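K.L.:
If you count the sequence shown from 1, position 29 lands on 28 in numbering that gives the first Met the number 0, and the numbers rise without skipping. Every residue gets a Cβ at the ideal spot worked out from N, C-alpha and C, and that includes glycine. Just so it is clear, the structure is predicted and the values come from calculations on it, not from any experiment.
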Amino acid sequence: MISLAERLAATKAAISDECQRLQRELPTLIVVTKNHPVALAEELYSLGERNFGENRVQEAEPKASQLENLNDLNWHLIGQLQTNKVKQALTFTDVLHSLDRESLLAELVKRTSDRENPLDVFIQINLTDDPERGGVETSELMDFADKVAKFPSLNLLGIMAVASLETDARRDFEVVAKLSEKLVADHPSANQLSIGMSGDYLEALEFGATHLRIGTAITGNRQY
Ligand SMILES: *Cc1c(COP(=O)(O)O)cnc(C)c1O
């Protein structure tokens, strides 16, 4: 049996080797703890990890509240967010990776307007032909980004994407990298890229990932 510590160390070594080869900076590693008990997040914290990813508010909120006395812990919400869960999500979310539609933007604006620190957000884009997959159409990214950038209570970090399964991830990440260049031309600070999961994080590094969202490669198979 390989332990969590060993899988984490192996993954981090692979990331650091690839970054050295590409002569680029290390990305932020988000360990995706969804479908695992809070004890796994606690163990990861004790191993030095400080960024955790969850995709469901109803699972993440109790975990975050159980661990709220741990310092410097950041919760990344990476799954589709229903507007009626925004209020609850904002009680623990440090970074939202899945801003993907106008109705969600409107609700976020309403609920963040009196914040001291803006909420960090990524706009999720949809790289598939399937509208159910979540994410704005790539052709609508620029218009949507202009809208998001108008609100001082939101801090637009950049683009989040999930590679479509059918094709080579490199092709998808190339599309994302080009869109990112366009976005940065109009919004210079929105220069981050949340791309790369267990199966494609090395490719994502090649195309400029600043945030990797890695689950199973580190945690093993999800339990429920
Ligand atoms: C579950 C999930 C991940 C992690 O997936 P793995 O293949 O387990 O690394 C990354 N991003 C999103 C949006 C997810 O829902």
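Grab me the residues of A88's own chain with a C-beta within less than 7 Å of its C-beta, minus the 5 sequence neighbours each way, in chain order.
P.N.:
Here the set comprises V56, L76 and L80.
K.L.:
Could you tell me the boundaries of the alpha helix (DSSP H) in which E131 lies?
P.N.:
From DSSP, E131 is part of no alpha helix (DSSP H); its letter is neither H nor E.
K.L.:
For L104, count neighbouring C-beta atoms within 10 Å of its own C-beta (all shown protein chains included) and say buried if the count is 16 or more, exposed if not.
P.N.:
Looking at its Cβ environment, which holds 16 or more other Cβ atoms inside 10 Å, L104 is buried.
K.L.:
Nearest to A63 by CA position, among N83, L46 and H35, is which residue?
P.N.:
H35
K.L.:
G157 bridges to which residues according to DSSP?
P.N.:
Beta-bridge partners assigned by DSSP to G157: F121 and Q191.
K.L.:
Of all the options L201, A40 and A203, which has the alpha carbon lying nearest to the alpha carbon of R221?
P.N.:
A40
K.L.:
Roughly how many whole angstroms lie between the Cα atoms of S138 and M0?
P.N.:
46 Å
K.L.:
Taking S45 as part of the alpha helix (DSSP H), name the residues at either end of that continuous run.
P.N.:
V37 to S45
K.L.:
Grouping DSSP H, G and I as helix and E and B as strand, with all else coil, what is I29?
P.N.:
strand
K.L.:
So what does DSSP say about R55, is it helix, strand or coil?
P.N.:
coil
K.L.:
DSSP three-state call for I77: helix, strand or coil?
P.N.:
coil
K.L.:
According to DSSP, simplified to helix, strand and coil, what is V217?
P.N.:
Reading off the sequence, residue 217 comes out as Ile, not Val. Three-state DSSP puts I217 in a helix.
K.L.:
Among residues of its own chain, excluding the 5 on either side of L98, which ones have a beta-carbon nearer than 6 Å to its beta-carbon?
P.N.:
Result list for L98: V120 and I122, in chain order.
K.L.:
Between the beta-carbon of T209 and the beta-carbon of S197, is there less than 9 Å?
P.N.:
no
K.L.:
Between A216 and ligand 1, is the CB less than 8 Å from at least one heavy atom?
P.N.:
yes
K.L.:
Does the distance from the C-beta atom of L135 to that of L107 stay below 9 Å?
P.N.:
Here residue 135 is Val; the residue named in the question, Leu, does not match the sequence. In this structure, L107 does not lie closer than 9 Å to V135 by Cβ.
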